[in-house]
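Participant:
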Ligand code: COS
């Protein structure tokens, strides 16, 4: 039984507490013992459909377009990701990508674009993806070279995107491309591109240590109506950053879910495992590990829900707080999970064991949506700016 005492913290109101209890029960019944099988793409499609039918994806879009709250509620996003990640990483992935992949539409889309895409995202009928990174522009987004050339009422996109989650199974992509109003980050615009747009193809599938749908995309003379642009031309970088400000805190929450699961597994192991005439939990070395794990989890949770609460309650820009939460939660979850593997001994590295799965799953979170090093850059910049 996982520690839920954090739900009594003052960051939450009744709707978030209800979400935590309801989703926990749903996840235990629906995704906790998922058989990953051989076809991860089919499984993710199915998970999006199930999450949509369950009503959970409503937390990924605003109420006016089929969502749960007037504006996306960061605390609900975080509670949902933490809860799903604790039960099943792929369910968390399927949920998160609906939000990240459609976030730019919620933030900057025209009414028409919001009406066309968001309700289907919320129902799990359209799969979303966020296409920002390129082979030579990952951390340095402003260095992207994919271009969008204006031709009358259209833009023509050329270039390559990579590390695109849901690449290959998405129904549409929020794509960031250089429109050239200025150099670097000030000359980028955002577009929604349907997956079947002529000139857009999946260039390569990428296999990961913790499999999920991931691909590179190629745009070759891909014509997109100017009405598919998200926000003003030249403002795409800011749209991307605003999207990441929301979803980075939710990456922290997912890491928290993985860490909580690792601690739960470790605690039950420590209490049951007999050695040298006592249990593993009787050894002070084990107790020291448990103390470190529990404290790391609470520290990460405080930073995560502070970032979410600040955005929800004060409408404040939470660039710095989200970066702190993502850095601390993902880095410390890696350590918590590693400790759990150690407490399981040989069993901890057996393929398919819960802690072995967590060990593979956590690694990417320290890299995607801004590597830890980028979060440090952001925290330092914002801190220097504030003084
Ligand atoms: N919200 C709103 N506006 C923002 C913003 C935010 N969070 N962050 C930056 N901006 C604005 C700046 O205010 C600046 O505006 P002006 O042009 O009006 O001055 C503009 O955007 C450019 O900002 P900056 O100069 O800081 O841009 P950089 O190119 O130096 O960007 C970092 C630096 C590292 C912060 C950025 O590239 C980044 O976050 N990289 C990581 C990207 C990432 O997460 N990749 C993973 C892909 S998703 S899996």
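Residue numbers (the working numbering): 586 to 972.
Glycine included, every Cβ here is placed at the ideal spot set by N, Cα and C.
Does residue 746 come out as helix, strand or coil in the three-state DSSP assignment?
Facilitator: Strand, per DSSP.
Participant: Considering only the alpha carbon of each residue, which of 800, 925, 727 lies closest to residue 767?
Facilitator: 727
Participant: Using only alpha-carbon positions, find the residue among 745, 841, 771, 927 that is nearest to residue 806.
Facilitator: 745
Participant: Judging by CA-CA distance, which residue of 846, 711, 930 is the nearest neighbour of residue 860?
Facilitator: 930
Participant: Roughly how many angstroms separate the alpha carbons of residue 747 and residue 837, rounded to a whole number?
Facilitator: 23 Å
Participant: According to the neighbour-count rule (16 or more other Cβ atoms, all chains shown, within 10 Å of its Cβ), is residue 894 buried or exposed?
Facilitator: buried
Participant: Is the distance from the Cβ of residue 871 to the Cβ of residue 928 below 9 Å?
Facilitator: It is a contact, given that the beta carbons lie within the stated cut-off.
Participant: Give the DSSP-derived three-state secondary structure of residue 859 in the structure shown.
Facilitator: strand
Participant: How many angstroms separate the CA atom of residue 715 from the CA atom of residue 654?
Facilitator: Taking the straight line from one Cα to the other gives about 22 Å.
Participant: Leaving aside the five residues before and after residue 782 along the sequence, list all residues of the same chain whose C-beta is less than 8 Å from its C-beta, in chain order.
Facilitator: Cβ neighbours of residue 782 beyond the five flanking positions: 807, 808, 809.
Participant: Should residue 609 go down as buried or exposed, given a rule of 16 or more other Cβ atoms within 10 Å for buried?
Facilitator: Residue 609 should be labelled buried.
Participant: Find the nearest neighbour of residue 914 within the set 625, 707, 884, judged by alpha-carbon distance.
Facilitator: 884
Participant: Taking the beta strand (DSSP E) that residue 773 falls in, what are its first and last residues?
Facilitator: 773-779
Participant: What I want to know is whether the C-beta of residue 979 ends up closer than 8 Å to one or more non-hydrogen atoms of the ligand COS.
Facilitator: Here the chain covers residues 586 to 972 and nothing more, so residue 979 does not appear.
Participant: Residue ranges of each alpha helix (DSSP H) run of no fewer than 4 residues wholly in the segment 599-685, ordered along the chain?
Facilitator: Those alpha helix (DSSP H) runs which fall completely within the segment 599-685 and span 4+ residues are 599-615, 625-638, 659-672.
Participant: Which ranges does the alpha helix (DSSP H) cover as unbroken runs of at least 4 residues, wholly within the segment 857-930, from first to last along the chain?
Facilitator: Entirely contained in the segment 857-930, the alpha helix (DSSP H) runs reaching 4 residues are, in chain order, 869-899, 904-929.
Participant: Would residue 776 and residue 802 be called neighbours here (beta carbons separated by less than 9 Å)?
Facilitator: no
Participant: May I ask you to list the residues that DSSP assigns as paired with residue 785?
Facilitator: 804
Participant: Quick check on the burial criterion: 16 or more other C-beta atoms within 10 angstroms. Buried or exposed for residue 857?
Facilitator: With fewer than 16 neighbouring CB atoms inside 10 Å of its own CB, residue 857 falls in the exposed class.
Participant: With DSSP as the reference, label residue 936 as helix, strand or coil.
Facilitator: coil
Participant: Among 902, 758, 734, which one has its Cα closest to the Cα of residue 711?
Facilitator: 758
Participant: With three or more C-beta pairs closer than 8 Å as the rule, is the segment 594-606 touching the segment 647-663?
Facilitator: The segment 647-663, when compared against the segment 594-606, does touch it at the 8 Å Cβ threshold.
Participant: Give the C-beta separation of residue 637 and residue 753 to the nearest angstrom, bearing in mind that I take them to be a contact with Cβ-Cβ under 8 Å.
Facilitator: At roughly 19 Å, the Cβ-Cβ gap does not stay under 8 Å, so residue 637 and residue 753 are not in contact.
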